[in-house]
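Novice:
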Amino acid sequence: MNPLMKTQKIGFLGAGNMANAMIRGLVDGGIPSKNIFATNRSDGKLIKLKEHYKINTLQNNEELIDSCDIIILAVKPQDLLGALEPIGRAFDETKIVISIAAGVQMEVLEKYLNNARLARAMPNTPALIGRGVIGYLLNDYDDQALESTVEDLFSALGRTIRVSDEDQFESLMISCSSGTGFVFEMMMYWQDWIEEHGFSPEEARMMTIETFVGASLLAAQAKEGVEELQARVTSKKGITAAGLQSMRELEIERALRISFEKAAMRNKEMAREIK
Ligand SMILES: NC(=O)c1ccc[n+]([C@@H]2O[C@H](COP(=O)([O-])OP(=O)(O)OC[C@H]3O[C@@H](n4cnc5c(N)ncnc54)[C@H](OP(=O)(O)O)[C@@H]3O)[C@@H](O)[C@H]2O)c1
Numbered sequence: 042m043n044p045l046m047k048t049q050k051i052g053f054l055g056a057g058n059m060a061n062a063m064i065r066g067l068v069d070g071g072i073p074s075k076n077i078f079a080t081n082r083s084d085g086k087l088i089k090l091k092e093h094y095k096i097n098t099l100q101n102n103e104e105l106i107d108s109c110d111i112i113i114l115a116v117k118p119q120d121l122l123g124a125l126e127p128i129g130r131a132f133d134e135t136k137i138v139i140s141i142a143a144g145v146q147m148e149v150l151e152k153y154l155n156n157a158r159l160a161r162a163m164p165n166t167p168a169l170i171g172r173g174v175i176g177y178l179l180n181d182y183d184d185q186a187l188e189s190t191v192e193d194l195f196s197a198l199g200r201t202i203r204v205s206d207e208d209q210f211e212s213l214m215i216s217c218s219s220g221t222g223f224v225f226e227m228m229m230y231w232q233d234w235i236e237e238h239g240f241s242p243e244e245a246r247m248m249t250i251e252t253f254v255g256a257s258l259l260a261a262q263a264k265e266g267v268e269e270l271q272a273r274v275t276s277k278k279g280i281t282a283a284g285l286q287s288m289r290e291l292e293i294e295r296a297l298r299i300s301f302e303k304a305a306m307r308n309k310e311m312a313r314e315i316k
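Here my numbering is used: the first residue of the sequence shown is 42, the next is one more, and so on.
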């Protein structure tokens, strides 16, 4: 982390799940809690954050912008523009603003944020346990200081990846954020099938999770690609081969691709709705 980061005042507009995970990552990463600020619509979450991390809590969003160099917009997409409308003029080019809201595109944020330096970032839910994939997009491609600020803020939550435009941002969000939900869907199929074969729900859960974790860790650690790893567990005319052949005949890949495309269509629809 750039040592300068420890002197920056970082504000969270919205103190829900994602703000909580980020604050934990920042405090663990050495950002002094006196330099972290947060607001929230209701008080309960702020009281807990103050107790737990000793950060500063503020009563209103104007004060947050006045007090901070970096502001993270961490409210739900449907609440974002309503929250920005009354305070947009308080932003200027000295402020860095990072929105983590899905579905609110850069051009819309630019309209509300009055020349602030802007980034969109998209953490997925494994970020809550430090194993996320966090994609980000900058409104100024050449702003290296903004890039390193985003890297510093999000690297405690997992692996960061910079994308070059809204299309890539969408692909990353669907494959990694919605993708987490798609993987859970498959885990449910696994678990149901195992339970139907006489195992208890706890055993089925453990067998499913360990299969997904084991396969993922093996893929992460192996020098070979996933295709080669798959070939290693598949002998010709064997049991795995029979299952894989069926998966291909049933066109599971096509079904998944259609689901990815449907998610992309919904993202575009949301972007049209939130303007
Ligand atoms: N959770 C994830 O895994 C995840 C992943 C990627 C991106 N995101 C994005 O992150 C954002 C936050 O998600 P989340 O899961 O952390 O949501 P969340 O737990 O609902 O937190 C949002 C918080 O914003 C507060 N809020 C609403 N309007 C406000 C306003 N005008 N001023 C100040 N605070 C306000 C809410 O207050 P109340 O307590 O009063 O409702 C709530 O605590 C969303 O845009 C979401 O798309 C989340």
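Ideal Cβ positions, reconstructed from N, Cα and C, are used throughout, including at glycine. None of these values were measured; they are calculated from a predicted model.
In whole angstroms, what separates the C-alpha of P127 from that of F253?
Specialist: 46 Å
Novice: Answer yes or no: do T249 and M227 have a C-beta to C-beta separation smaller than 7 Å?
Specialist: no
Novice: Answer yes or no: do L213 and V204 have a C-beta to C-beta separation smaller than 7 Å?
Specialist: yes
Novice: I170: beta carbon under 6 Å from a heavy atom of ligand 1?
Specialist: Here the distance from the Cβ of I170 to the nearest heavy atom of ligand 1 is not below 6 Å.
Novice: Give the DSSP-derived three-state secondary structure of A296 in the structure shown.
Specialist: helix
Novice: Got a sec? Which residues, its chain only, sit under 7 Å from A256 by beta carbon, not counting five neighbours each side?
Specialist: none
Novice: Residue ranges of each beta strand (DSSP E) run of no fewer than 3 residues wholly in the stretch 129 to 161, ordered along the chain?
Specialist: 137 to 140
Novice: Note down the Cα distance separating I111 from Q49, rounded to an integer number of angstroms.
Specialist: 7 Å
Novice: Is F53 closer than 7 Å to A32 when the C-beta atoms are compared?
Specialist: As shown, the chain starts at 42 and ends at 316. That puts residue 32 outside it, with no answer to give.
Novice: Can you check which of these residues, R82, M311, Q119 and W234, is closest to N102 by C-alpha distance?
Specialist: R82
Novice: Going by DSSP, which residues form a beta bridge with N8?
Specialist: Outside the modelled stretch of the chain, which goes from 42 to 316, sits residue 8, for which no answer is possible.
Novice: Under 6 Å: does the beta carbon of D320 sit that close to some heavy atom of ligand 1?
Specialist: Nothing can be reported for residue 320: it is not among the residues displayed for the chain, which extend from 42 to 316.
Novice: Please tell me whether, using a cut-off of 6 Å, the distance from the CB of P127 to the nearest non-hydrogen atom of ligand 1 is below it.
Specialist: no
Novice: Measuring CB to CB, does A162 end up less than 7 Å from Y177?
Specialist: yes
Novice: Using the three-state DSSP reduction, which class does G239 fall into: helix, strand or coil?
Specialist: coil
Novice: For a test of the three-state rule: what should DSSP assign to G173, helix, strand or coil?
Specialist: Correct three-state label for G173: strand.
Novice: Helix or strand or just coil, what does DSSP make of I250?
Specialist: helix
Novice: Would you be able to state if there are at least three C-beta pairs under 8 Å between the stretch 138 to 149 and the stretch 165 to 172?
Specialist: no
Novice: Check whether the stretch 263 to 275 and the stretch 173 to 189 are in contact - that is, three or more C-beta pairs closer than 8 Å.
Specialist: no
Novice: Ends of the alpha helix (DSSP H) at I106?
Specialist: N102 to S108
Novice: If the criterion is Cβ atoms closer than 7 Å, does the pair T201 and I170 meet it?
Specialist: Between T201 and I170, the C-beta gap is not smaller than 7 Å, which leaves the two residues out of contact.
Novice: Whose C-beta lies closer than 7 Å to the C-beta of M59 among residues of the same chain, with five residues either side of it excluded?
Specialist: Same-chain partners within the cutoff: A115, I141 and P164.
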